[in-house]
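Here is the structure we will look at, set down as structure tokens.
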Amino acid sequence: MKNSIIENTAMCRSIGLAQLALGKTYPNPMVGSVVMFENQCIGEGFHPKAGQPHAEVFAIRSAVQNVLPQSHIFVTLEPCAHFGKTPPCAVLIMDKKIPEVTIGTRDIHQKVNGKGIKMLEEKGITVHESHFNESCQELNKRFFTYHEKKRPYIILKWAQSADGFIDKNGKPFAISNGLVKQFVHTLRSHEHAIMVGKNTALNDNPSLTTRAVSGRNPTRIILDRKLEIPSHYAIMNDEAETMIINEVKDEVRGNIRFVQVQNIKNLQEVFEQLYSLEIQSVLIEGGNQLLTACIAQGFWDEAIVIKNHHLNLEKGTYAPKIEGTPVAKKAFRDNEVLFYQH
1 MKNSIIENTA
11 MCRSIGLAQL
21 ALGKTYPNPM
31 VGSVVMFENQ
41 CIGEGFHPKA
51 GQPHAEVFAI
61 RSAVQNVLPQ
71 SHIFVTLEPC
81 AHFGKTPPCA
91 VLIMDKKIPE
101 VTIGTRDIHQ
111 KVNGKGIKML
121 EEKGITVHES
131 HFNESCQELN
141 KRFFTYHEKK
151 RPYIILKWAQ
161 SADGFIDKNG
171 KPFAISNGLV
181 KQFVHTLRSH
191 EHAIMVGKNT
201 ALNDNPSLTT
211 RAVSGRNPTR
221 IILDRKLEIP
231 SHYAIMNDEA
241 ETMIINEVKD
251 EVRGNIRFVQ
261 VQNIKNLQEV
271 FEQLYSLEIQ
281 SVLIEGGNQL
291 LTACIAQGFW
301 DEAIVIKNHH
311 LNLEKGTYAP
321 KIEGTPVAKK
331 AFRDNEVLFY
341 QH
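Here it is in structure tokens:
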């Protein structure tokens, strides 16, 4: 790249555009793109959801067409080279005779993984790999974890009192405030799925939806070995797709999918099943037994711990223990949210 200022501007804008679709593109990655001509942005776009045109298509459509052969396109992820629900973006770039492409990072999907770059270079197009590689991988941490580790990206979340309990005498208790509730529901809308264990489903009767904010409902996943959760419980309603991981049967009934595993306590088997079902990320909200097992077996990428420093419950279920120092903290009035990375 001759002009790092232009690259910085274009790639930062492309990343920002991609983030507008957070939680909406599964199973596809988030992608943003900008077209530059004579150091000016003449087109931009992002991939809004699976099945719709890719970022490069929107960016090129919005640009002044007659200057594309003298332009430079920036994109957060390597352009695709295969026919899927949409035509290859690499072919579109070639057809428009755009001479220069900068990519944020390579696409590790087996259908792409260097093929887009090769296709462009074979047509004489100059391809740069940006120094924004790390930022672009962080943008799609769910996508990359899913394809590299063959499991979903896993986020643990719980709320605890000042004295370290997640409930009062084993019964549900409102620990976090209204602002945190909105934050959590926004968080849910960003993830592909949300998971709880059987005891949490029975004791709390949660709906696990995003009712406090506008946003998509994640797929609900419940670990219920013997299928003990009654059909009238909120988690079994038709507000969202639901998966019941169990040891009894495989079956699809309306919006509920029963997924059989050999050993529900074997989290590797559970997450391998979710990988095979193309679940890219999962937010695990409880209970203590499931959260503790994930920590003990190393199945987590992030943890979000909500603390109410002004609440003492004295008795109840102890919160999970997590080692390390938070990478970030955020205050919501009298609540503090701590962010950990594994």
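For the sequence shown, full-length UniProt numbering assigns the number 1 to the initial residue and increments by one for each residue that follows. Ideal Cβ placement from N, Cα and C applies to all residues, glycine included.
Discussion item. Going by C-alpha to C-alpha distance, which of Ile-194, Ala-240, Gln-70 and Met-195 sits closest to Ile-98?
Written reply: Gln-70
Worksheet item: Do Tyr-318 and Ile-166 have their C-beta atoms closer together than 9 Å?
Response: yes
Worksheet item: Between Gln-280 and Arg-142, which are expected to be in contact by the criterion C-beta below 8 Å, what is the C-beta distance as a whole number of angstroms?
Response: 5 Å
Discussion item. Taking the alpha helix (DSSP H) that Ile-117 belongs to, which residues open and close that run?
Written reply: 115-122
Item to complete: Given a cut-off of 9 Å, decide if Val-213 and His-185 are closer than it, judged by their beta-carbon atoms.
Response: yes
Worksheet entry | Thr-186 - containing alpha helix (DSSP H), residue span | 178-190
Worksheet item: Can you tell me whether Thr-242 is buried or exposed, with buried defined as 16 or more other CB within 10 angstroms of its CB?
Response: buried
Worksheet entry | Contacting residues, own chain, Cβ-Cβ under 6 Å from Ser-207 (five flanking each side not counted) | Ala-234
Discussion item. For Glu-269, which residues in the same chain have their Cβ closer than 8 Å to its Cβ, ignoring the five residues on either side in sequence?
Written reply: Val-261, Gln-262 and Asn-263
Practice prompt. Tell whether a beta-carbon distance below 9 Å holds between Ile-304 and Leu-202.
Written response: no
Discussion item. Can you tell me whether Asn-246 is buried or exposed? The criterion is at least 16 other CB atoms within 10 Å of its CB, across all chains shown.
Written reply: buried
Practice prompt. Determine the DSSP secondary structure at Asn-335, reduced to helix, strand or coil.
Written response: strand
Worksheet item: Less than 9 Å separating the beta-carbons of Gly-43 and Val-64?
Response: yes
Item to complete: Along the alpha helix (DSSP H) that carries Glu-56, what are the first and last residues, could you check?
Response: 55-61
Worksheet item: Smallest Cα separation from Asp-204: which of Gln-19, Phe-173 and Thr-25?
Response: Phe-173
Worksheet item: What whole-angstrom Cβ distance do Thr-25 and Ala-50 have, given they're in contact under 8 Å?
Response: 6 Å
Worksheet item: At a cut of 8 Å, does the region 295-313 reach the region 147-155 through at least three beta carbon pairs?
Response: yes
Item to complete: Compute the Euclidean distance between the alpha carbons of Val-34 and Ala-59, then round it to the nearest angstrom.
Response: 6 Å
Worksheet item: Secondary structure at Val-248, three-state DSSP: helix, strand or coil?
Response: coil
Fill in: Limits of the beta strand (DSSP E) - the one that Ala-303 falls within
302-308
Practice prompt. Kindly indicate the opening and closing residues of the alpha helix (DSSP H) around Lys-198.
Written response: 198-204
Discussion item. Would Ser-14 and Gly-104 be called neighbours here (beta carbons separated by less than 9 Å)?
Written reply: yes
Worksheet item: Can you list, in chain order, the residues of its chain whose CB lies under 7 Å from that of Asn-113, leaving out five sequence neighbours each side?
Response: Arg-106 and Asp-107
Worksheet item: On the three-state DSSP scale, how would you describe Ser-135?
Response: helix
Item to complete: Report all residues from its chain with a CB closer than 7 Å to the CB of Lys-182; omit the five preceding and five following residues, and keep chain order.
Response: For the sequence presented, residue 182 should be read as Gln rather than Lys. Excluding residues within five positions, the ones whose Cβ falls inside 7 Å are Ala-212 and Val-213.
Item to complete: Give the secondary structure of Ile-154 by DSSP, where H, G and I count as helix, E and B as strand, and everything else as coil.
Response: strand
Worksheet item: Quick one: is Pro-79 buried, meaning 16 or more other Cβ sit within 10 Å of its Cβ, or exposed?
Response: buried
Discussion item. Among the candidates Cys-41, Cys-12 and Pro-48, whose CA atom is the shortest distance from the CA of Ser-62?
Written reply: Cys-41
Discussion item. Checking 9 Å against the spacing of the C-beta atoms, do Val-259 and Leu-283 come in under that value?
Written reply: no
Worksheet item: Smallest Cα separation from Gly-32: which of Asn-39, Gly-23 and Pro-48?
Response: Pro-48
Worksheet item: Looking at C-alpha atoms only, which residue of Leu-77, Gly-124 and Lys-168 is the closest neighbour of Asn-140?
Response: Leu-77
Discussion item. According to DSSP, simplified to helix, strand and coil, what is Ser-4?
Written reply: helix
Worksheet item: Taking buried to mean at least 16 other C-beta atoms within 10 Å of its own C-beta, is Arg-188 buried or exposed?
Response: buried
Discussion item. Between which two residues does the alpha helix (DSSP H) holding Cys-41 run?
Written reply: Element bounds for Cys-41: not the alpha helix (DSSP H) but the beta strand (DSSP E), 40-46.
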